[in-house]
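J.:
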Amino acid sequence: MAKKLISSVRGMNDILPEQTPVWRYFETVIRQVLDSYGYQEIRLPMLEATDLFNRSIGEVTDIVEKEMFSFTDRNGDNLTLRPEATAGCVRAGIQHGLFYNQIQRLWYIGQMFRHERPQQGRYRQFHQIGAEIYGIEGPDIDAEIILMTARFWRQLGLDNLELQINSLGSTEARVKYTQQLVDYFSAYHDQLDDDSQRRLRTNPLRILDSKNPQMLPLIKTAPQLLDCLDTESQEHFAKLRELLDQTGIKYRVNPCLVRGLDYYNRTVFEWVTEYLGAQGTVCAGGRYDSLVEQIGGKATPAIGFAMGIERLVLLLLQSDLPMPNNAPDAYFILVGNEQVTKQGMYLAESLRDALPNLRLVMNCGEGSFKSQFKRADKSGAKLALILAEDELANQKITLKYLREKRPQVILAQSELINYLKNLD
Ligand code: ATP
Ligand code: MG
117 MAKKLISSVR
127 GMNDILPEQT
137 PVWRYFETVI
147 RQVLDSYGYQ
157 EIRLPMLEAT
167 DLFNRSIGEV
177 TDIVEKEMFS
187 FTDRNGDNLT
197 LRPEATAGCV
207 RAGIQHGLFY
217 NQIQRLWYIG
227 QMFRHERPQQ
237 GRYRQFHQIG
247 AEIYGIEGPD
257 IDAEIILMTA
267 RFWRQLGLDN
277 LELQINSLGS
287 TEARVKYTQQ
297 LVDYFSAYHD
307 QLDDDSQRRL
317 RTNPLRILDS
327 KNPQMLPLIK
337 TAPQLLDCLD
347 TESQEHFAKL
357 RELLDQTGIK
367 YRVNPCLVRG
377 LDYYNRTVFE
387 WVTEYLGAQG
397 TVCAGGRYDS
407 LVEQIGGKAT
417 PAIGFAMGIE
427 RLVLLLLQSD
437 LPMPNNAPDA
447 YFILVGNEQV
457 TKQGMYLAES
467 LRDALPNLRL
477 VMNCGEGSFK
487 SQFKRADKSG
497 AKLALILAED
507 ELANQKITLK
517 YLREKRPQVI
527 LAQSELINYL
537 KNLD
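Last residue of the sequence shown: 540 in our numbering, with the numbers rising by one and none dropped.
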């Protein structure tokens with residue numbers, strides 16, 4: 117009887133070899149930009165105490181209310197697969213004393229887990245690259261991270277992203293504003309969808325973040341947070357805008373931008389595209405000056421952002437930009453007796469010694485010339501290196517171009533390294 121196949125867990129994807137070159141390319145570009153701004157990598161655990169997220173993200177957010185993968189382990193401890201990395205980063209910073217009179221510019225990459233309804237650009241396991249900066253009140257650092265994210269897109273060649281910014285003001289200003297919002301939306305209670313009715317009770321600001329188009333007219337005429345800002349936050353926001361104007365970064369002030377999580381204050385921003393349907397936000401961030409203290413550390417100003425790698429990879433794949441693939445530079449065909457295999461292995465190893473960047477695939481597992489040639493072609497290699505008994509006897513090697521109409525080349529084996537070094 118056939119065994120029932122076990123599939124991956126819903127919403128958790130395998131990233132197959134066909135796609136990994138694009139992921140690696142993306143990660144390389146982003147790392148290079150992060151390095152160029154002097155940010156340092158931090159590697160954090162995927163499992164944290166559930167309390168960490170309850171305390172930081174906020175009990176009445178979507179994430180904590182319904183999206184966390186939480187369980188009790190064998191010791192009875194309540195653990196959660198991280199839905200985001202900011203809380204873990206703050207936890208690590210406090211635990212290792214990274215925040216005492218120090219400025220930290222940190223970044224991370226890794227899997228996040230949220231129990232959402234899977235669809236294009238929204239999964240239960242997804243990947244983020246993010247940065248967190250501690251010890252600077254801004255707005256200079258706010259501008260720096262926005263400029264850095266703009267540089268990511270430039271380096272990648274993506275030009276279809278819009279920057280939206282807003283200020284959430286101080287906690288006190290937000291409390292005052294929230295009351296105005298509750299009064300306003302309560303007057304239209306019947307017109308609110310279920311989500312918004314629930315949020316009216318639990319987290320009214322989040323109504324502004326609604327993805328339901330039918331809610332938009334009501335949201336448009338709601339009182340605006342920017343009109344309630346405290347003076348200091350107003351100044352902070354004005355300075356940030358000046359810095360952005362001065363560097364020529366285009367942005368739109370979106371007064372409805374509130375972000376999904378509870379802990380933000382002052383600057384918030386998102387990079388949004390129209391090309392991914394409802395999952396249009398590829399990068400989101402903001403200031404969270406009270407979180408370190410809230411988790412038990414000394415009060416420390418902080419700002420950060422996270423980008424969804426799946427969404428950005430989708431954007432890259434949808435674009436006309438040239439993307440790397442897995443094709444090797446050369447495929448080594450070996451036809452003949454055992455001596456051929458031995459000499460072939462020896463040659464391949466000496467090529468790898470001399471040219472560490474050369475991507476060379478050896479034909480292992482024998483086969484006729486025809487079948488090896490087929491494999492070489494299928495591999496996508498530019499070049500086939502052919503060693504048969506003739507070549508062995510004369511210490512030669514034959515090169516065939518697989519993608520271009522070019523005559524085949526016969527070289528002395530001793531010339532091979534030099535020839536490949538100059539390969540275009
Ligand atoms: P959304 O409103 O799309 O649910 P969010 O506000 O919950 O996003 P954040 O917590 O700010 O998202 O996460 C930062 C980024 O991570 C998002 O802008 C998005 O690119 C990506 N992201 C968030 N949730 C998912 C998911 N379930 N699948 C894939 N990417 C995600
Ligand atoms: Mg979400």
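Ideal Cβ positions, reconstructed from N, Cα and C, are used throughout, including at glycine.
If you follow the alpha helix (DSSP H) that serine 152 is in, where does it begin and where does it stop?
T.: 136–152
J.: To the nearest angstrom, how far is it from the Cα of lysine 327 to the Cα of glycine 393?
T.: 11 angstroms
J.: In chain order, what residues of the same chain lie with their CB nearer than 7 angstroms to the CB of cysteine 372, ignoring the 5 residues before and after it?
T.: Leu324 and Ile335
J.: Any heavy atom of ligand 1 within a distance shorter than 7 angstroms of the CB on valine 206?
T.: Outside the cutoff, so no.
J.: Does the count of Cβ pairs from the region 276–285 and the region 336–348 closer than 8 angstroms reach three?
T.: yes
J.: Pop quiz: valine 388 and glycine 401 are said to be a contact at Cβ under 8 angstroms. What is the actual Cβ separation, rounded to whole angstroms?
T.: That belief does not hold up - the Cβ atoms of valine 388 and glycine 401 are roughly 13 angstroms apart, past 8 angstroms.
J.: For aspartate 346 versus glutamate 288, is the C-beta distance shorter than 8 angstroms?
T.: yes
J.: If you drop the 5 nearest sequence neighbours on each side, which residues of the same chain put their C-beta closer than 7 angstroms to that of isoleucine 146?
T.: Contacts found: Ile245 and Phe268.
J.: Distance check for glutamine 135 and glycine 237, CA to CA, integer angstroms please.
T.: 15 angstroms
J.: Cβ-heavy atom distance between aspartate 178 and ligand 2 below 7 angstroms?
T.: yes
J.: What are the boundary residues of the beta strand (DSSP E) that includes threonine 383?
T.: 381–388
J.: Just the C-alpha distance for phenylalanine 142 and alanine 422, rounded to the nearest angstrom, thanks.
T.: 15 angstroms
J.: According to DSSP, simplified to helix, strand and coil, what is serine 406?
T.: coil
J.: Give a single yes or no on whether phenylalanine 242 has its beta carbon closer than 7 angstroms to a heavy atom of ligand 1.
T.: yes
J.: Counting Cβ pairs closer than 8 angstroms, one from the region 204–224 and one from the region 152–167, do we hit at least three?
T.: With three or more CB-CB distances shorter than 8 angstroms, the region 204–224 counts as touching the region 152–167.
J.: Using the Cα positions of proline 438 and tyrosine 462, report the straight-line distance between them to the nearest angstrom.
T.: Going by the C-alpha atoms only, they are around 35 angstroms apart.
J.: Report the three-state DSSP secondary structure of tyrosine 447 (helix, strand or coil).
T.: strand
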